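Student: Once you've had a glance at the structure underneath, I'll fire off some questions.
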């Protein structure tokens, strides 16, 4: 067995109520590692043959919660949630920070595979080898905070009764959904710790479709044994020593972005991306720091960066709202993107989103989309059930977010996410609304624009990514460089936080992998034989798509129309994306990853990687 | 002449705790040579998100755990003031847990003995890593005549206090 793994996975069939242990051979673990890579492999093996027919929100979908061999060792633990995505109809490796992955590995499992659908609301309670499917009817319908409070109490009570001599039991780590997931909202998240979420992919809705409200895990064992503990310790120390020097993220997290990304790099969504520049000093990080942060350092397991800050609104009409920083993405999407430029309004929006179990990025995107339609009088007050959706009105946006989570009135339509809502509304209004939908492959684009050319994403980053608009998994060349999607596949398969991957030596992660697993791994091997397999599987399933939507290869590998409008103001006024350059770069990218001229993984590529069955499926795609 | 070791204490400031659990990692690596959160002598509780704090022995001035031990396997280190456990002799009866005002000791997850902070023989690893990262929840200080038992509080009680501080009047309802 390869070192660094617990060695077994827990499979739970919610239709039958049966659980079992599953193991993967060394070759599979070597090629796909864990997390995102292994998710792609499991999903292809189990659903690949009928992928186009699998409805993501049906019992047929397979929901995965996977760690990797580096989880808990590499500072900043996360867990990867995956399955067939109700947003892209492909596969997204969606990670969320916290202690869940560590507890799971200490309980003896590398991951959980959930199949079927429960008749009644349930939650999973894992205590080492003991796994129970428990009634969740008393927390069904509850928001994030109530759910965590009630289930933490219940689980600790159970532990206390069962192990009276242990002493005080700590809380189990928990993943859960809010009302949005229960109501199958496509922008629903799998959440943790009130304000953490696996957002991209829409797996909160998949969890809801299975009537799985939460998973609580308590593991009392050690993390799985590694090949060279001394070396792992040295690498952890090296990483931390570097991070301790990084004042930017340790002090402000990504929280300085809410102002800087607009003012400095002109790449922040402002009023549904009608602009990407603002110079609103009311949104400066000093305002957040001095007005709402009550805890400067908030971390997940083993993390030296503590990019999170605990925020509480102390005054005014939003008094009592609680969230983390918000981080840059939620600052932007639930701030300037909605015309909101105060920390209080922003924290309020983030707390509403957290409580409902919605994705701040993608719900912020669809709220902005709706508000622009209101601005253009395409959506009226009547359409919005009486809401006046004016830019900057946090209360109105909060009210609409609630409608989305409960699928009330217009919320039912918007709960389908920006892309599907644009199609449906467009039909109703008899006009093309896609020019206002800032998304790629059904996934809203993260809060980093490409028009100014001053932010990190490239002009093909979203268009060519196998995870669409996901800003944490952007496509770029060279394939073995820092901006390559193959490197993100490493982080998401390892499974740890990519924020602790900045500023380290070029091959640090591969050294870390070796110290944990005992297996040598070069950058070349990773890029040319391993991660590339994951990428091909993800691309294949994305192109197969279905059943409600399919992407047309090449024709859909494009930027949203808005990214071709000139920036209307700021230091980069007039700048826009060069269409011809996007075309050229897309061609280069296809060539580099071994796709044909239409963006379909080529036979030669797939055969070289031993993915012959994928090739068979690809040859059936219409071109 | 070799200087005699003075008893020490770990001063603690819970409101600064980031919840990073580096103290647990360091503690379990030092004592168990593994990363093993539940075998750590210091455990970070997060009964409510944001209200994380490390739960560890406060070395009460009257050492009620030592007095309560029916088999006399607990003793006080002359050098450091820490409670020492004779692991081999401990019967894992749990009487020390009930005697502790904060219910701080807990059982080793796989071995048959209690876990209590031993101050790492005078160089506490949790203090080292916490200060190294600048969180400074912990500080090693000289032990004085002080009511250290005030710091032996149950997890719920500490959580309630932190919630009241961070989240205001409604905060305690989250516990």
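Protein chains in written order, with my numbering: chain A, 2 to 624; chain B, 2 to 176.
All C-beta atoms, glycine included, are put in the ideal place defined by N, C-alpha and C.
Small disclaimer: the values here were computed from a predicted structure and weren't measured.
1) Using the Cα positions of residue 260/A and residue 141/A, report the straight-line distance between them to the nearest angstrom.
2) Taking 8 Å as the threshold (beta carbon to beta carbon), is residue 168/B in contact with chain A?
3) Cα-Cα, which of 312/A, 321/A, 241/A and 364/A is closest to residue 305/A?
4) Against chain A, with Cβ distances strictly below 8 Å, would residue 30/B count as a contact?
5) Output, in sequence order along the chain, the residues in the region 60 to 74 of chain B whose CB is closer than 9 Å to any CB in chain A.
6) Below 7 Å CB to CB, which residues in the same chain sit around residue 67/B once its five sequence neighbours on both sides are set aside?
7) Would a check of beta-carbon distances place residue 501/A closer than 8 Å to chain B?
8) Under 8 Å between beta-carbons, which chain A residues line up against residue 139/B? List them in chain order, please.
9) Compare the Cα-Cα distances from residue 282/A to each of 300/A, 78/A and 258/A and report the closest residue.
10) So for residue 100/A, helix, strand or coil by DSSP?
11) Please name the residue, chosen from 106/B, 6/B and 138/B, that lies closest to residue 169/A on a Cα-to-Cα basis.
12) What do you get for residue 53/B, buried or exposed, if any count of 16 or more other CB atoms within 10 angstroms of its CB means buried?
13) Can you say whether residue 280/A is buried or exposed, counting buried as having 16 or more other CB atoms within 10 angstroms of its CB?
14) Taking 8 Å as the CB-CB limit, is residue 90/B close to chain A?
15) Mind pulling the chain B residues with CB within less than 7 Å of residue 194/A?
16) Excluding the 5 residues flanking residue 148/A on each side, which residues of the same chain have their C-beta closer than 6 Å to its C-beta?
17) State the beta-bridge partners of residue 108/B as determined by DSSP.
18) Report yes or no: is there a C-beta of chain B within less than 8 Å of the C-beta of residue 307/A?
19) According to DSSP, is residue 175/A helix, strand or coil?
20) When you compare each of 28/B, 46/B, 34/B and 33/B to residue 157/A by their alpha carbons, which one comes out closest?
21) Determine, for residue 98/B, whether the minimum Cβ-Cβ distance to residues of chain A falls below 8 Å.
22) Taking the C-alpha atoms as reference points, what is the distance between residue 625/A and residue 324/A?
23) Mind checking the region 302 to 333 of chain A against chain B and listing, in chain order, the residues whose C-beta falls within less than 7 Å of any C-beta there?
24) Note down, in chain order, each residue of its chain lying with its Cβ closer than 7 Å to the Cβ of residue 93/B, except the 5 sequence neighbours on either side.
25) So, is the C-beta of residue 171/A closer than 8 Å to a C-beta in chain B?
26) Do the region 504 to 520 of chain A and the region 575 to 587 of chain A touch if we need at least three Cβ pairs shorter than 8 Å?
27) For residue 414/A, name the three-state secondary structure that DSSP assigns.
28) Which residues in chain A have a C-beta closer than 7 Å to the C-beta of residue 19/B? List them in chain order.
29) From which residue to which residue does the alpha helix (DSSP H) around residue 344/A run?
30) Determine the closest residue to residue 277/A out of 555/A, 340/A, 314/A and 253/A, with distance taken between C-alpha atoms.
31) What number of angstroms, rounded off, separates the C-alpha of residue 598/A from the C-alpha of residue 591/A?
32) Could you please give the first and the last residue of the uninterrupted beta strand (DSSP E) stretch that includes residue 124/A?
33) Grab me the residues of residue 98/B's own chain with a C-beta within less than 6 Å of its C-beta, minus the 5 sequence neighbours each way, in chain order.
34) Helix, strand or coil for residue 38/B? Go by DSSP, reduced to three states.
35) When you compare the CB of residue 6/B with every CB in chain A, is at least one pair closer than 8 Å?
36) Would you verify that the beta carbon of residue 1/A is, or is not, closer than 8 Å to some beta carbon of chain B?
Tutor: Per the coordinate set shown:
1) 38 Å
2) yes
3) 241/A
4) yes
5) none
6) 75, 76, 77 and 84
7) no
8) In chain order: nothing, as chain A lies at least about 14 Å away.
9) 258/A
10) coil
11) 106/B
12) buried
13) exposed
14) no
15) 50
16) 140 and 177
17) 115/B
18) yes
19) strand
20) 46/B
21) yes
22) Here chain A covers residues 2 to 624 and nothing more, so residue 625/A does not appear.
23) 302, 303, 304, 305, 307, 311, 313, 321 and 323
24) 108, 113, 114 and 115
25) yes
26) no
27) helix
28) 298, 299, 300 and 307
29) 344 to 357
30) 340/A
31) 7 Å
32) 123 to 128
33) 104 and 106
34) helix
35) no
36) There is simply no residue 1/A to check, as chain A begins at 2 and stops at 624 in what is shown.
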